[in-house]
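Residues in the sequence shown are numbered consecutively from 9, following the numbering used here.
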Amino acid sequence: MIKNIYPDKDFSEVSNLGNPINKIVVSRGNTFSQLMIVGEAPGAKEDELGEPFVGRSGKLLDQLLQNAGFDISLDVYFCNVVKCRPPKNRRPTKTEIRENLPWLYQQIKLVNPKIIILVGATALEAILKNKSPISILRGKWINWDGRLVMPVFHPAYLLRNQSNEEGTPMSLTKSDFLKIKEKFNTLK
Ligand code: URA
9 MIKNIYPDKD FSEVSNLGNP INKIVVSRGN TFSQLMIVGE APGAKEDELG
59 EPFVGRSGKL LDQLLQNAGF DISLDVYFCN VVKCRPPKNR RPTKTEIREN
109 LPWLYQQIKL VNPKIIILVG ATALEAILKN KSPISILRGK WINWDGRLVM
159 PVFHPAYLLR NQSNEEGTPM SLTKSDFLKI KEKFNTLK
């Protein structure tokens, strides 16, 4: 089982480009899940609590998953490309992504999910090495390393675009999660 082996350790002495970090954020959810969600990097709340997607974006992500019929504590494993919070929540650099990728690959190997959801452009580029806009690739199933992968809009983007009108990022993402649940139901 993958877990943060230093949950109580104070990492504030560890300077990441002048950015004190509190926690190395590894994962949340079921290690035996068939569905892995990969985000960008921890934010302030994640750094404080030591779990991915526990801030505002995470709450929206949980809601989208639950509305599609997922049981968050049973069906899903959450992690990020980068395991430490970048200074001022900036996007991770190419070097940070490159240095963190071996850990993510190891997580994928150990959890062995059949479906991987790439949340936002950083996860999409890091895994698929594809620079196409997320607006083009979102909602599409892509075969990667024998697994089914789908990019979706990042919930932080959805929080800035909350309209539910047909064709908006929010309504497209809701249908993406229904599509994911439909596929998930065919597994096992
Ligand atoms: N929280 C995370 O853990 N990852 C993100 O990509 C955004 C918020």
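We put the beta carbon where it would ideally sit given N, CA and C, even for glycine.
Computed from a prediction, not measured in an experiment: that's the story for all the values here.
Where does residue i fall in DSSP's three states?
{"i": "R36", "result": "strand"}
{"i": "D184", "result": "helix"}
{"i": "N97", "result": "helix"}
{"i": "R106", "result": "helix"}
{"i": "S23", "result": "Residue placement at S23 is flagged as unreliable, the pLDDT there being 46, under the threshold of 50; the coordinate-derived value follows with that caveat. S23: strand per DSSP, three-state reduction."}
{"i": "P28", "result": "strand"}
{"i": "A131", "result": "helix"}
{"i": "I10", "result": "The predicted position of I10 is uncertain, since its pLDDT is 45 and thus under 50; no value can be drawn from it."}
{"i": "T170", "result": "Correcting the residue identity first, residue 170 is Gln in this sequence and not Thr. Residue state, collapsed to three classes: coil."}
{"i": "T176", "result": "coil"}
{"i": "F61", "result": "coil"}
{"i": "A76", "result": "coil"}
{"i": "P141", "result": "coil"}
Going by the CB atoms, is the gap between residue j and residue i shorter than 8 Å?
{"i": "V62", "j": "A134", "result": "no"}
{"i": "K191", "j": "L156", "result": "yes"}
{"i": "N172", "j": "S179", "result": "yes"}
Just to confirm, does residue i get its C-beta within under 7 Å of one of the non-hydrogen atoms of the ligand URA?
{"i": "N88", "result": "yes"}
{"i": "E54", "result": "yes"}
{"i": "F61", "result": "yes"}
{"i": "V6", "result": "The structure shown does not extend to residue 6, since the chain spans only 9 to 196, so no value can be given for it."}
{"i": "A49", "result": "yes"}
{"i": "G66", "result": "yes"}
{"i": "A164", "result": "yes"}
Between the C-alpha atoms of residue i and residue j, what's the straight-line distance to the nearest angstrom?
{"i": "T130", "j": "Y85", "result": "18 Å"}
{"i": "K164", "j": "T194", "result": "Reading off the sequence shown, one finds Ala at residue 164, where the question assumed Lys. Between A164 and T194, the C-alpha separation is close to 29 Å."}
{"i": "R146", "j": "K53", "result": "26 Å"}
{"i": "L69", "j": "I45", "result": "10 Å"}
{"i": "K122", "j": "R36", "result": "17 Å"}
{"i": "L186", "j": "W152", "result": "21 Å"}
{"i": "L166", "j": "Q71", "result": "12 Å"}
{"i": "N38", "j": "P159", "result": "21 Å"}
Bridge partners for residue i per DSSP, in chain order?
{"i": "G47", "result": "N88"}
{"i": "I125", "result": "I45 and M158"}
{"i": "W152", "result": "R155"}
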